[in-house]
Each structure stands twice: as structure tokens, then as C-alpha cells.
């Protein structure tokens, strides 16, 4: 029935042993003092079981993008020793592993959270600060630095989280981007951030590093992206240097359930198929 699922997939110069991907999930171990050892064992078991490609929980590229004040980030070479046992454990069993770069934007539960516009999320009581032009450029550089650090730690690539209502997604849609400068207004301006990030990450890591972009195919919020806009962004992201596109459905503030047990299996698969 799924004859291609367990066949190898060539992505650039990297061969995945099959097409099974373990998607990103935050385990809480990312902030645990013993998290390196525990995560290594957790992901090693999945690699030993045959998963072709694993994506870690989210690590922020800077302090403002953390899930909460003490949340996980990857900003310094001093943190590489936390990650190396994880990548080594997965590679021992022939698996590949990506680090997810997650900037939570206005979903960050801390004072000083940031967004394209100062609009508070309905699921957060912290009002975000609007990023200025220089801060946006610095954020793009932070993504590239984080990706390079991931490469140094032995990861096979990174996933750039551009879905679920986090920072990148907030720039893309009119609902959360009320800017009138080059980062807002027209769709071309609103997708400038994700394209710039992917380009900068590719420049920093070279051609043999996997870049997966998490694309929001269906925002499920008012003033979300249209089908045509999603298709255009996917094409532009590929042109910018992405190796693969991983599709996401729904913002965390959306009133339509997407991950609860009540949702039928593969309920939103049609969206990926159409894109």
C-alpha cells in the first residue's frame, strides 16, 4: 500500500534511508539539566527503530524568541556539548537529524517578546514589542548563526519553523503584520523575512546541509494566507535554497482543532496534496 515509504530518498547530496519523518515536538527535556543524555536516548530509540529523518523540538535563535524566559536556544559554541551526544546517537543507527529553529514571536511567554506589529496574541498576556528594521536584520543573522552552530554540533540540517503562528508566520499574514515599511503591506514585502532567512541560512551552511522549511498551508485564522499565496511562498522558498518543505496546519490560537484526539487521522492531508 505504501511501497515508496520505506525506499531511500536523495535530497541534494544527502541520502535518507527512507521517507519516514519524525516531526518536531517539544519534550520539555530541551531545558532539563540532564536533557542532553535523555534526548540522546529518546532520539536514538527512534533512529534504531528505523526512522529516516528526525526533527528536534524547537531551539530559538536568540533570547527574544524563546518559548519562555528560560526556554531553549542555540546561540553559542558553549552549548554544542549539549547537542553532540544527540546527533552522535542518531547517526550510530543510520538516521539523520535536524535541529528545529523556532522563534516564537508574540507567542513567547516573557516580557520583551517581539513581533512584526505590537498586537497581543489571544493566548498570551504579554504585549509584544514591534521589531525595527535593524532588529529584523539581526534576527535574520541570528537564524544563520543558529544553523551554523547546529552544523557544528553534527546535525544534518535545520528546520526553519515558518508555521503555526510563530514569528515568521506573523510577518506573512495581514492579521499580525500592520507594518508600512519594506517588511509589511504587500505580499512581496510580507514574505521578505522567510525568504531572507532561508537565503542567509543556505549561505552560512553550504550546499550539503539540509534546510527544511515548515510552511503553513492553512492558517485557520482570519486574514490568513490564501491558497495562491501559500503556493507562491512555497515556490519562492525553494528558490531561496530550501531542500524540503514540511507542511503545517493551523495557528495555536485557531479555534479549529488540529492536533486533538477528536481530529480524524489525516484530516488535513488534502491541503498538502493540493499544494
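Numbering (the numbering used here), first residue to last: 11 to 285. Cβ atoms here follow ideal geometry from the backbone N, Cα and C, with glycine treated the same way. A quick note: this is a predicted structure, and the numbers were derived from the prediction, not measured.
- When C-alpha distances from residue 232 are compared across 182, 244, 35 and 194, the shortest belongs to 182.
- In the structure shown, the three-state DSSP call for residue 213 is helix.
- The beta-bridge partner set that DSSP reports for residue 119 consists of 78.
- Judged by DSSP in its simplified three-state form, residue 140 adopts strand.
- Judged by their CB atoms, residue 257 and residue 273 are not nearer to each other than the 8 Å cut-off.
- Closest by C-alpha distance to residue 37, out of 98, 16 and 69, is 69.
- One alpha carbon belongs to residue 244, the other to residue 168, and they sit about 17 Å apart.
- An exposed status is given to residue 35, since fewer than 16 other beta-carbon atoms sit within 10 Å of its beta-carbon.
- In terms of Cβ geometry, residue 33 and residue 217 do not form a close pair [threshold 8 Å].
- About 7 Å separates the CB atoms of residue 106 and residue 62; that is less than 8 Å, so the two are in contact.
- As the crow flies, the alpha-carbon of residue 142 is around 11 Å from that of residue 128.
- Fewer than three beta-carbon pairs drawn from the region 200 to 209 and the region 258 to 267 are found closer than 8 Å, and the two stretches are therefore not classed as touching.
- Residue range 220 to 228 is occupied by the beta strand (DSSP E) that includes residue 226.
- Looking only at 92, 136 and 165, the smallest Cα-Cα distance to residue 220 is reached by 165.
- The way I'd put it, the region 77 to 89 does touch the region 150 to 165; three or more beta-carbon pairs between them come closer than 8 Å.
- A residue is called buried when at least 16 other Cβ atoms come within 10 angstroms of its Cβ; residue 236 does not meet this threshold and is exposed.
- Bounds of the alpha helix (DSSP H) holding residue 245 are 237 to 250.
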